[in-house]
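Enquirer: Let me give you the structure first, and then I'll get to my questions.
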Amino acid sequence: MSIRLLALIPVATAISLALSAAVDAVALPLFLDTTGTILATALAGPGVGIATGIVTSAVNTLRNPTFWPFVVVQIIVALYAWVAARAGLFRSFRTAIPAGLGLGVIASLTSTPISYFVFGCTTTGGIALATALGKALGLPPLGACFFGSFVSDFGDKAATFALVTSVLHGLPRRTAARFPWALRAMGAA
Amino acid sequence: MTGVRLHPFTLLTIAAVLPALAWILPAPDGAAATLVVALVLTLTPGAKLTPGASPGNASLWSFPGWRPGLVRLRTAVVTAAPFWLFLLLLHDVPTTIAIGLRVTTMVATFVWLVAALDPARLVEAMVAAGWSASVAYLLAATFSAVPVLKARAQRIVEAQRCRGLSPRGGIPARLRALRALALPLVLSALHEVDERALALETRGLVPGIRRTPLAPPPDPAAERAARWALLLVCLVALVRRFIVQPFS
Amino acid sequence: MIAALRLEEVSFSYGSVPALERVSFSVAPGERVALLGRNGAGKSTVVRLIAGLQRPDEGTVWVGDWDTRDCVPEQLAWRVGSVFQHADQQLFARTVRDDVSFGPRALGVGEREVERRTDRALEDLDLTAHAGHHPYDLPPALRKLTALAGALASEPALLVLDEPTIGLDRTLRARVTRALLDRSAGSVALLVITHDLTFAAETLERGVVLDRGSLACDESLAALLGDVTRLEPLGLAPPPVAALSAALDLPGRPVRAADAAAALARVARGKPVP
Amino acid sequence: MKSLTLDRASFWYAATQSPALRAVSLDVAQGEVVALVGALGAGASTLLLVAADLAPRVIGGRLEGSMTRRDRSGIVLPTPWTQISGMAFTVWDEVAFGPANLGWPTHEIARQVNRALERLELLPLASRDPATLSGGELQRVIIAAILAMDPGLVLFDEPAAELDAAGAAMLWQLIRVLAREGKAVLLATSAVDALPDVADRVVWLEDGAVRAVGTPDLLADGAACDAGLGTSIATVWRAGGLPAPYPLTVAHAVRGRP
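Residue numbers (the working numbering), protein chains in the order written: chain A, 42 to 230; chain B, 76 to 323; chain C, 21 to 294; chain D, 11 to 268.
Below is the structure:
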């Protein structure tokens with residue numbers, strides 16, 4: 042791996058974790074904690090993306106240990122983002138937001154069994170409350186758990202895809218051209 | 076008073092094995108046992124030396140080394156408490172106790188790990204163990220980049236508000252505001268990747284180097300053996316639980 | 021006339037660490053003030069208080085007739101244009117022009133007024149030729165000017181700048197000086213934190229010095245810059261032109277290059293080389 | 011002995027049409043301090059990257075002509091916080107990062123690190139976390155980190171931008187000391203007032219090409235003053251309509267007072 046791509050990984054990881062300050066400022070129910078993983082994949086391919094996802098999970102784990110099992114989700118996110126990048130789905134919001142919603146479904150399908158079997162579906166306050174709501178609506182336990190993950194995930198992943206699209210199009214063309222995957226992800230090459 | 080300073084790999088092994096056992100051993104007794112171990116670890120005074128603890132004070136709370144232990148214990152309890160609440164909300168009492176004990180073991184172990192693990196020593200240990208300098212770089216550079224970008228994100232929020240950006244309003248307005256707060260952070264950070272790479276290159280972090288470990292932490296044979304033993308215990312427990320006596 | 025900025029007996033501390041203690045000074049419309057002092061003297065805290073990012077523990081910060089205690093930063097943006105250090109990290113639009121117009125647009129002035137203010141700010145800093153460029157395609161120094169242009173474009177009554185010249189060469193500094201003098205002539209008040217005394221001498225007229233959170237002095241910049249004994253404890257050195265005036269004992273001890281040149285010319289005409 | 015030689019070097023950044031350097035020929039000898047001056051975008055930073063063997067090797071682009079070096083180089087880039095390795099949790103370890111990567115034995119690393127810290131007046135900060143330093147302190151740490159690798163050719167890009175007056179004065183003195191020890195120093199700076207006491211030669215770059223080379227007296231030249239590259243004193247002298255040659259510094263001015 043070139044030094045440039047190596048240097049990208051800590052930066053992308055730190056972006057995922059630092060964006061919470063921006064989210065807090067506008068008080069929206071978003072995490073954006075896969076931004077770095079998706080961005081790194083869209084710029085530099087699946088290897089860099091997966092590495093970013095793993096490092097993100099590792100650093101998150103030190104803040105809250107219950108994040109560690111969800112490293113699987115970060116890896117799935119990187120792989121999905123790679124497919125989306127290959128298909129040029131970051132070319133506009135019209136293609137990126139549906140792709141983000143799709144990732145929301147896949148991410149919740151991945152996190153549901155982890156959340157259910159490992160934590161009894163109580164990983165974070167928001168998810169747990171949504172799960173309780175699902176349970177109140179009469180869903181079976183696993184279904185309520187999926188409902189909880191989905192409610193908290195799909196909007197977040199759509200917003201993340203939209204943000205990554207904004208970033209790719211906001212990069213100066215010369216900078217974008219120097220990352221191996223960027224132009225392809227934007228549907229420009 | 077300082078306790079034994081364990082090798083970083085030993086710390087990591089304990090932090091991996093203890094929560095794993097909490098899930099593998101039959102509930103609730105197994106998880107209760109691991110939780111006891113984890114809580115004792117959390118209280119270990121030697122987890123990290125605290126400069127400025129005053130030995131002159133006689134109260135237990137300020138007894139050097141104990142206060143940080145109690146602070147860690149409180150952190151673990153505060154982090155784990157919401158889980159118990161939600162578990163009760165979603166499950167019956169036996170399930171709540173089973174999962175609650177496991178999650179609390181995990182939380183307490185990691186609270187202890189974060190206090191006991193010195194990132195600098197971990198990097199040194201990785202280099203000394205022959206890991207590629209790149210892997211050590213990824214871990215360490217991320218640790219140091221996160222607070223830097225967090226501070227920058229905060230500065231950007233302030234600067235944009237001082238340019239008249241209001242972070243309030245309807246959802247569309249907030250999403251637009253989020254864009255004006257998130258994009259500067261991401262663009263400026265990506266823009267710096269090049270200079271970071273140039274700086275690493277000029278300072279000799281290139282693929283295939285044989286880096287000199289600066290202060291490799293001592294790794295006695297007994298500790299190495301203990302690490303393997305812990306992993307073995309974990310494996311035996313796994314086999315017992317799922318093959319010899321499944322679903323007991 | 022109401023001062024553009026008035027600090028009244030302002031005290032502030034971060035937790036138990038005091039940052040400012042009973043600081044009072046004011047800046048009139050059109051006045052150009054340098055805020056000087058060592059690192060940690062409390063200069064940045066003053067800026068944060070004026071921008072509404074912190075509230076004073078005691079005393080009052082008046083921006084015009086607004087008490088900053090009653091305002092959030094985005095309201096104060098109507099009257100205060102703040103440019104912080106690392107302002108180049110706040111850019112995000114795809115062109116310099118779009119970024120500069122972000123401020124006036126956020127304030128909600130009409131589209132035509134946004135255009136006018138943006139054009140003027142770009143022109144003032146000679147950025148018109150770069151208006152269509154991507155900010156990150158420009159060298160860092162021009163990114164810094166772009167951030168400054170963004171504050172000018174909001175056309176506030178008070179400009180508060182934190183180290184606006186770091187990384188700028190002399191030509192770019194001269195551009196900043198020219199733009200600021202021009203705004204000041206239109207009665208915009210200036211408060212500038214700077215270590216760059218050559219820039220301060222060319223641009224500003226009064227020096228307010230903070231020392232460990234207290235006001236150490238508040239007087240004409242020319243008098244301050246000529247006095248090595250007072251600059252040294254602040255970690256500052258007199259700018260070359262002031263040193264020249266002192267070494268040659270030029271009449272009036274000018275500190276601005278143009279004044280020193282005029283004084284030199286007079287001296288050269290008046291008496292031949294000894 | 012030549013440490014660095016550029017022979018008609020031209021450089022194009024990736025995806026650009028016009029060259030950032032045009033046929034630059036320049037050499038820097040051991041024991042010599044050469045300063046690059048010029049307007050923004052004149053090519054000084056690019057020239058340093060080429061001299062450091064980072065352009066085109068690391069950042070891409072295309073080089074024509076040749077660059078040859080006798081010595082290992084170290085470059086101090088303009089923004090200090092991007093140059094922190096991130097691998098170190100104390101200032102001492104940060105400075106030791108480069109020497110450790112060179113695979114030196116521990117005692118040699120310790121010797122070089124302590125010497126570099128001492129030279130940059132950083133010993134009191136040795137056990138601090140780099141993340142807690144001010145911009146000026148960080149700049150000094152980065153300079154120490156490069157010097158600790160004991161490069162024969164030292165390249166500086168605006169090394170004084172983040173430093174206060176005292177820090178800058180210390181750096182300029184240190185650069186003279188480095189030259190006395192036989193290092194070759196190539197320096198891009200807009201702090202022209204410092205150069206008469208620091209540089210042996212000044213290279214004036216314009217639009218990627220060498221416009222003039224000479225002693226620091228070049229900075230009292232009428233054309234340089236008009237281009238904003240004259241020293242403050244020379245510029246004032248010229249603006250006052252006094253006859254050339256213009257004094258470079260206050261000391262010169264006192265000697266030739268009107």
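Every residue, glycine too, gets a C-beta built ideally from N, C-alpha and C.
Could you tell me the boundaries of the beta strand (DSSP E) in which C:ILE213 lies?
Expert: 209 to 213 is the span of the beta strand (DSSP E), which, as asked, contains C:ILE213.
Enquirer: Using a Cβ-Cβ distance under 7 angstroms, would C:ARG114 count as near chain A?
Expert: Yes - at least one Cβ of chain A is within 7 angstroms of the one on C:ARG114.
Enquirer: Under the assumption that B:ALA312 contacts B:LEU176 (Cβ atoms under 8 angstroms), give the Cβ distance between them as a whole number of angstroms.
Expert: Contact doesn't hold; Cβ gap of about 16 angstroms is too wide.
Enquirer: Leaving aside the five residues before and after C:ARG193 along the sequence, list all residues of the same chain whose C-beta is less than 6 angstroms from its C-beta, in chain order.
Expert: THR185 and PHE219, listed in sequence order.
Enquirer: Does the CB of C:TYR34 have a neighbour CB from chain A at under 7 angstroms?
Expert: Closer than 7 angstroms: no.
Enquirer: At least one CB of chain D closer than 7 angstroms to the CB of C:ALA262: is that the case?
Expert: By this cut-off, C:ALA262 is not an interface position.
Enquirer: Look at the Cβ atom of A:ARG215, then the Cβ atom of D:ALA263, and state whether they are nearer than 7 angstroms.
Expert: Their beta carbons are not under 7 angstroms apart, which means A:ARG215 does not touch D:ALA263 by this criterion.
Enquirer: To the nearest angstrom, report how far apart D:THR116 and B:PRO291 are at their CA atoms.
Expert: Their backbone Cα atoms lie some 11 angstroms apart in a straight line.
Enquirer: Quick check: the Cα distance between B:ALA133 and B:ALA220, rounded to an integer number of angstroms?
Expert: Confidence in B:ALA133 is poor, its pLDDT being 37 and thus under 50, which makes the residue's placement too unreliable to answer from.
Enquirer: Mark A:ALA199 as exposed unless 16 or more other C-beta atoms lie within 10 angstroms of its C-beta, in which case mark it buried.
Expert: Buried is the call here.
Enquirer: Is the distance from the Cβ of C:GLY101 to the Cβ of C:PRO176 below 7 angstroms?
Expert: Yes, the pair counts as a contact, with Cβ atoms nearer than the cut-off.
Enquirer: Is DSSP giving D:ILE94 helix, strand or coil here?
Expert: Here D:ILE94 sits in coil by DSSP.
Enquirer: Would the segment 44 to 51 of chain D and the segment 190 to 202 of chain D be scored as touching if the rule is three or more Cβ pairs under 8 angstroms?
Expert: The segment 44 to 51 of chain D, when compared against the segment 190 to 202 of chain D, does touch it at the 8 angstroms Cβ threshold.
Enquirer: Spatial neighbours of A:LEU180 within its chain, please: C-beta separation below 7 angstroms, excluding the five flanking residues on both sides.
Expert: The answer, listed in chain order, is PHE188.
Enquirer: Would you check if the distance between the CB atom of C:LEU224 and the CB atom of C:ARG52 is smaller than 7 angstroms?
Expert: Closer than 7 angstroms, so yes.
Enquirer: Residues of chain D with CB closer than 7 angstroms to the CB of C:GLY152, please, in chain order.
Expert: By Cβ distance, chain D contributes nothing, its closest Cβ being about 17 angstroms from C:GLY152, past 7 angstroms.
Enquirer: Does any CB atom of chain C fall closer than 7 angstroms to the CB of A:PRO213?
Expert: Judged by the 7 angstroms Cβ criterion, A:PRO213 is in contact with chain C.
Enquirer: State the CB to CB distance for the pair C:ARG42 and C:GLY79, rounded to an integer number of angstroms; the pair is presumed to be in contact (CB under 8 angstroms).
Expert: Rounded, the Cβ-Cβ distance is 7 angstroms, consistent with contact.
Enquirer: According to a CB-to-CB cut-off of less than 8 angstroms, which residues of the segment 168 to 190 of chain C neighbour chain B?
Expert: For the segment 168 to 190 of chain C, which is checked against every Cβ of chain B, the residues closer than 8 angstroms are GLY170, ALA171 and SER174.
Enquirer: Quick one: grab the DSSP three-state call for B:GLY284.
Expert: Note that residue 284 of chain B is Ile in the sequence shown here, rather than Gly. In this structure, B:ILE284 counts as coil in the three-state DSSP scheme.
Enquirer: Kindly list the residues whose CB is nearer than 8 angstroms to the CB of B:VAL308, restricted to its own chain and excluding five residues on each side of it in sequence; keep chain order.
Expert: Counting only Cβ-Cβ distances below 8 angstroms, and skipping sequence neighbours, we find VAL92 and LEU96.
Enquirer: Return the chain-ordered list of same chain residues with a C-beta closer than 7 angstroms to the C-beta of A:THR201, the five sequence neighbours on each side being excluded.
Expert: Within the same chain, A:THR201 has close Cβ partners LEU73, THR75, THR76, ILE79 and GLY141.
Enquirer: Using a Cβ-Cβ distance cut-off of 7 angstroms, determine whether C:ALA97 contacts chain B.
Expert: By this cut-off, C:ALA97 is an interface position.
Enquirer: Once DSSP output is grouped into helix, strand and coil, what is the label at C:TRP98?
Expert: Coil at C:TRP98, not helix or strand.
Enquirer: Is the Cβ of C:PRO76 closer than 7 angstroms to any Cβ of chain D?
Expert: No, because no Cβ of chain D sits closer than 7 angstroms to the Cβ of C:PRO76.
Enquirer: Output needed for C:ARG68: all residues of its chain with C-beta closer than 7 angstroms, excluding positions within five of it in sequence on either side, in chain order.
Expert: Excluding residues within five positions, the ones whose Cβ falls inside 7 angstroms are GLN74.
Enquirer: Would you kindly work out how many angstroms separate the C-alpha atoms of B:ALA296 and B:ARG302, rounded to a whole number?
Expert: If I take the Cα positions, the gap works out to 10 angstroms.
Enquirer: In the DSSP assignment, what residue or residues form a beta bridge with D:LYS12?
Expert: For D:LYS12, which the question treats as bridged, DSSP gives the partners D:ALA39.
Enquirer: Take the Cβ of D:GLN183 as the centre, count every other Cβ of all protein chains shown within 10 Å, and call the residue buried at 16 or more, exposed below.
Expert: So D:GLN183 ends up on the exposed side.
Enquirer: Roughly how many whole angstroms lie between the Cα atoms of C:SER46 and C:ARG232?
Expert: Looking at the two C-alpha atoms, the distance is approximately 19 angstroms.
Enquirer: Quick one, are the C-beta atoms of D:PRO109 and D:ILE119 less than 7 angstroms apart?
Expert: A contact, by the Cβ cut-off of 7 angstroms.
Enquirer: Report, in whole angstroms, the separation of the C-beta atoms of A:THR93 and A:ALA53, which I expect to be a contact under 8 angstroms.
Expert: Contact flag correct, Cβ pair sits at about 5 angstroms.
Enquirer: Are there three or more Cβ pairs, one per stretch, closer than 8 angstroms when the segment 26 to 42 of chain D is compared with the segment 212 to 223 of chain D?
Expert: The segment 26 to 42 of chain D is in contact with the segment 212 to 223 of chain D.
Enquirer: Figure out for me which residue from B:ALA108, B:LEU87 and B:GLY283 has the closest Cα to the Cα of B:ALA208.
Expert: The shortest Cα separation from B:ALA208 among B:ALA108, B:LEU87 and B:GLY283 belongs to B:GLY283.
Enquirer: Could you tell me whether any Cβ in chain A is nearer than 7 angstroms to the Cβ of C:ASP157?
Expert: Yes, its Cβ sits closer than 7 angstroms to a Cβ of chain A.
Enquirer: Under 7 angstroms, do A:ALA126 and A:ALA217 count as touching if we go by C-beta distance?
Expert: Their beta carbons are not under 7 angstroms apart, which means A:ALA126 does not touch A:ALA217 by this criterion.
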